[in-house]
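Residue numbers (my numbering), protein chains in the order written: chain W, 179 to 653; chain B, 179 to 653. Here's the structure we're looking at; comments come further down.
2 protein chains.
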Amino acid sequence: MNLENLFKPKTMAVVGVSKKNPLSPGRIIFIKNFFEMEVNVYGIHPDGGEIEGIKLYTKLEELPEIPNLLVIAISAEETLGYVRNCAELNIPACIIIGGGFAEIGSEGIKRQEELERIAFENEIAVLGPNCIGVYSPPLLDTIFMPTERITRPPKGTVALISQSGGVLVDQFFHKFNEIKIGVSTAVSIGNRAVVDETMLLEYFSKYDKETSNIAFYLEGFKSNRSKEFLRLARESEDNVITYFGGLSEQGIKATKSHTASLSGNEKIISAVLKQNLIFQPRSELELLTHLKLLDILSHKRKPFDPNTIVNGQIAVLSISGGHGVLCVDLLKKYNLFGVEFSEKEKNEMKKLVNPVARNIASYDNPIDLTGSARDEDIENIIHILSKIERIECIILLILPYTPSISFQIGRRIADRVSLDKKPLVCFIPYIQKYSLIIESLELSNIPVFHSIEEAVQAVHALKILTRRKKLIKLK
Amino acid sequence: MNLENLFKPKTMAVVGVSKKNPLSPGRIIFIKNFFEMEVNVYGIHPDGGEIEGIKLYTKLEELPEIPNLLVIAISAEETLGYVRNCAELNIPACIIIGGGFAEIGSEGIKRQEELERIAFENEIAVLGPNCIGVYSPPLLDTIFMPTERITRPPKGTVALISQSGGVLVDQFFHKFNEIKIGVSTAVSIGNRAVVDETMLLEYFSKYDKETSNIAFYLEGFKSNRSKEFLRLARESEDNVITYFGGLSEQGIKATKSHTASLSGNEKIISAVLKQNLIFQPRSELELLTHLKLLDILSHKRKPFDPNTIVNGQIAVLSISGGHGVLCVDLLKKYNLFGVEFSEKEKNEMKKLVNPVARNIASYDNPIDLTGSARDEDIENIIHILSKIERIECIILLILPYTPSISFQIGRRIADRVSLDKKPLVCFIPYIQKYSLIIESLELSNIPVFHSIEEAVQAVHALKILTRRKKLIKLK
């Protein structure tokens, strides 16, 4: 089944453009695409006429051209008629917004089965029902929430596929926008009667060049499709991330009524995914950390080779003892280890630290250069740590609160790391006035996070990436 | 030992005001207090003279008045002389900023022992050494980081005591400012040679009326003081929160070099704290969630009685199925339970929901009113849930992205909850344009959080509070 028309249609039509209710989903979709997006869009209303000065057509046959995509935003009862229309007119793709299918029980299940029959027999790529559709910038946006109400993420490398529209616009869009993770295309699959997560995984990993990372929110796999999903995920050259909801006992009950999922042997599948190093974040924070890291690493220019964290041997460098302690406390949780330094290595560090900090600093791991540390101390210690081979990655905790750290610190670290090429992940508190420091690191594609735990999670992500790279090479 | 002069001095003197180095700690402390704070402050420099047009005095004896507090920001070697000076002149309190004591080993240990001897013999409340001192607005601020570099939290009910200055200004100050948690006084205890966490617990719970919540960051208790700490924490009418760093194997190693802590039987103490319902957050996020909740509940005006969550029986109400699923997934982790609704209760709900959403909504727990829900649906369901006695608390997940939710939703919920008096905790994504909704809830002191997990953590906090209240009543 060809999915391209769902994401790259030249022409799109919308059914369900209410003249009375400006907040109806069909009308919002029509209007936002007409005024904001690049696709050529037509509105259908049985009575014709116009809204906001834009002509409406009474039926599909009346349109000046046959659209590549039909968006259906009307009641469940009327929906199937329009899908049959697509078959007759050779419209190859269709998005069904409304609910009233398998998720409401017997009557709806029958309706959904009929929908599937028509779609598969006529090769129509049907997305939904019970979904918010597609966001494929700059071409189209079928999300029925007013654009000014949601927040849009920047353009980037992550394709998003979500079984929940709410999770898509909130956990993904809003948070992506906040921490600047870029999206290529976003898809809400709803009841996934026809187009499912497995077909989308194939599409994005094989046919979409803009995408190099594919993230899923799923409440279970579509039945009989998990093996194929697994095969594709294993073989994909893109990074695949699967975030699961509804795996708890209470959650399983809930998903049944939500998108009519057949939650089944997810725990087994989850174990197999893990074996194949398909990452499954355990929390929203971990999900976002991994995606942020992957999006940064998708840049061609890399300050270091990210695929070198085999065992997770870490050095922690800080100017606050407490931060160092909190950081090493977290290492074990993420399967990472603090290296030990030899007396020789410690002495080498000590010699290079400024005289005020020298004797009060601590050169064990975590290294605490104290509030008397200066820019060059941090730079020098990074240089020494970079030469120690058994250190696979440095976690640097920068606190620009102390007076001896200058606002050049970001640039100095960025240049040092780019020259020494030792993997390094930074923590800097996110405070507006420190954006100068944060940006100088980000411009060199050095991963920067705003909590200690995220920095540790990011190194864990690097470890998984390294292992997956090896696994793919072995094949 | 009287600690009041550390926090409420009328007059303060600073030793170590460098004329050459504008970034030296003593100079920063002197200048910021002179220009920004209300305490009467004098600067000491052996040569006298002036900086920035302000007169400096050559020695303590020369000051126009004997200060209540002396801040010492000079080398470890010279520090003791000034402490002896305090004894001679009857200066009752003193803050020692510099390091070079127990944390650097043998020579420093001796120095610290001598410091303790002088202080205890002469009843001088010595804070530190190796600390950043006291923030007691609007009177004084001895944090040696320039004020424009750190962020200051708003004024409020939480007293902060931290063994790490870095954690104090970052995890506490910066985050408190971000999520608006108010601070009464903040103290960095450093090596806690004399004034320790136990003395401060006593001071804040017995003598400071502004404080009703006391939060600690500790890397272990001072030796032989844990029993007394425990007794005070158990008996305190304030809420006591202890956040521990350095309890992991790697962390224990690190704390030894950091503040010369004698980390010992913390795990046992931690178990005893738990028995007495002294809350120990497991993560930074949980720490902040609890403090935010406690700060809100410190207001006299409360929309509901917070001390009624005995078993943790929860109803989750959402307009996004995915959000509901993610929320119930988290309940077990926080020792909470989703109630089940009877058919009668479900029918009662269904009858009140608008016709568009009625048949596609789900009335199991989590309740999913779908993207077609309107303000009055949410309000009506809250009213029904409030009448169901076995529900102890409602978690409401509001997503104002959908067009049928109005910007009055916050006010409507706030009024409903204040009338029905059922405990309710909200999740709303933190997006600037939704502050209108967020503020209408916050003005009624309804707890609002910006991730699902925080909302669940907050209910967990309510459960602990309820149990602690019972425990205290029993005594």
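The beta carbon of each residue, even a glycine, is placed where N, CA and C say it ideally should be. As the structure is a prediction and not an experimental result, all values here were calculated from the model.
Looking at the DSSP output, alanine 639 of chain B sits in no beta bridge, so it has no partner there.
Residues of the segment 507-541 of chain W with a C-beta less than 7 Å from any C-beta of chain B: Asp507, Leu509, Lys510, Gly516, Asn537, Ile538, Ser540, listed in chain order. Between valine 637 of chain B and glycine 423 of chain B, the C-beta gap is not smaller than 9 Å, which leaves the two residues out of contact. Taking CB atoms only, valine 503 of chain B has a neighbour in chain W less than 9 Å away.
Look at isoleucine 559 of chain B: its C-beta is not under 9 Å from any C-beta on chain W. Distance from the CA atom of valine 361 of chain B to the CA atom of serine 622 of chain B, rounded to whole angstroms, is 20 Å. The Cβ of threonine 433 of chain W sits closer than 9 Å to at least one Cβ of chain B.
Our two residues, glutamate 526 of chain B and arginine 594 of chain B, have alpha carbons roughly 18 Å apart in a direct line. The beta carbon of arginine 412 of chain W does not come within 9 Å of any beta carbon belonging to chain B, so the residue lies off that interface. One thing to note: glycine 588 of chain W has its Cβ no nearer than 9 Å to the Cβ of proline 544 of chain W.
The C-beta of glutamine 290 of chain B comes no closer than 9 Å to any C-beta of chain W.
If you draw a straight line from the Cα of alanine 535 of chain B to the Cα of lysine 611 of chain B, it is about 26 Å long. Distance from the CA atom of lysine 478 of chain W to the CA atom of methionine 377 of chain B, rounded to whole angstroms, is 56 Å. Within chain B, the residues whose beta carbon sits less than 8 Å from that of valine 345 of chain W are Ser498, Gly500, His501, Leu504, listed in sequence order. Closest option to glutamate 375 of chain B, judged by alpha-carbon separation, among B/Asn485, B/Leu466, B/Gln586, B/Thr420: B/Thr420.
Under the Cβ distance rule, aspartate 348 of chain W counts among the residues neighbouring chain B, one pair being separated by less than 9 Å.
For the segment 535-603 of chain W, the continuous alpha helix (DSSP H) assignments of 4+ residues that do not extend past its boundaries occur at 553-565, 587-598, in sequence order. Boundaries of the beta strand (DSSP E) around threonine 189 of chain B: 189-193. Residues of the segment 320-336 of chain W with a C-beta less than 7 Å from any C-beta of chain B: Met323, Pro324, Arg327, Ile328, Thr329, listed in chain order. An exposed status is given to valine 488 of chain B, since fewer than 16 other beta-carbon atoms sit within 10 Å of its beta-carbon.
For phenylalanine 422 of chain B, the uninterrupted beta strand (DSSP E) run begins and ends at 417-422, by DSSP. Secondary-structure assignment with DSSP links aspartate 319 of chain B through a beta bridge to B/Tyr313. Classified as exposed, lysine 288 of chain W has fewer than 16 neighbouring CB atoms from the shown chains inside 10 Å of its CB. Interface criterion not met: the Cβ of tyrosine 313 of chain B is under 9 Å from no Cβ in chain W. Proline 332 of chain B sits away from phenylalanine 350 of chain B, with the two beta carbons spaced by 9 Å or more.
Residue pairing for glycine 221 of chain B: DSSP places it in a beta bridge opposite B/Val192, B/Leu234. For the options W/Ser613, W/Pro601, W/Ile572, the alpha carbon positioned closest to that of proline 578 of chain W is the one of W/Ser613. For leucine 181 of chain W, same chain residues with a beta-carbon under 6 Å away, outside a window of 5 residues either side, are Ala303, Tyr381 in chain order. In terms of Cβ geometry, leucine 466 of chain B and isoleucine 359 of chain B form a close pair [threshold 9 Å]. Just so you know, the alpha carbons of glycine 343 of chain W and cysteine 309 of chain W end up roughly 6 Å apart.
Residues of the segment 556-589 of chain B that bring their beta carbon within less than 8 Å of a beta carbon in chain W comprise Leu577, Pro578, Tyr579, Thr580, Pro581, Ser582, in sequence order. By the 16-neighbour rule on beta-carbons within 10 angstroms, serine 401 of chain B is exposed.
Here isoleucine 474 of chain W is not near valine 418 of chain W, since their CB atoms are 9 Å or more apart. With fewer than 16 other Cβ atoms from the protein chains shown falling within 10 Å of its own Cβ, glycine 227 of chain B counts as exposed.
According to the DSSP assignment, phenylalanine 394 of chain W belongs to no alpha helix (DSSP H) but to the beta strand (DSSP E) extending over 391-396. Under the Cβ distance rule, glutamate 281 of chain W counts among the residues neighbouring chain B, one pair being separated by less than 9 Å.
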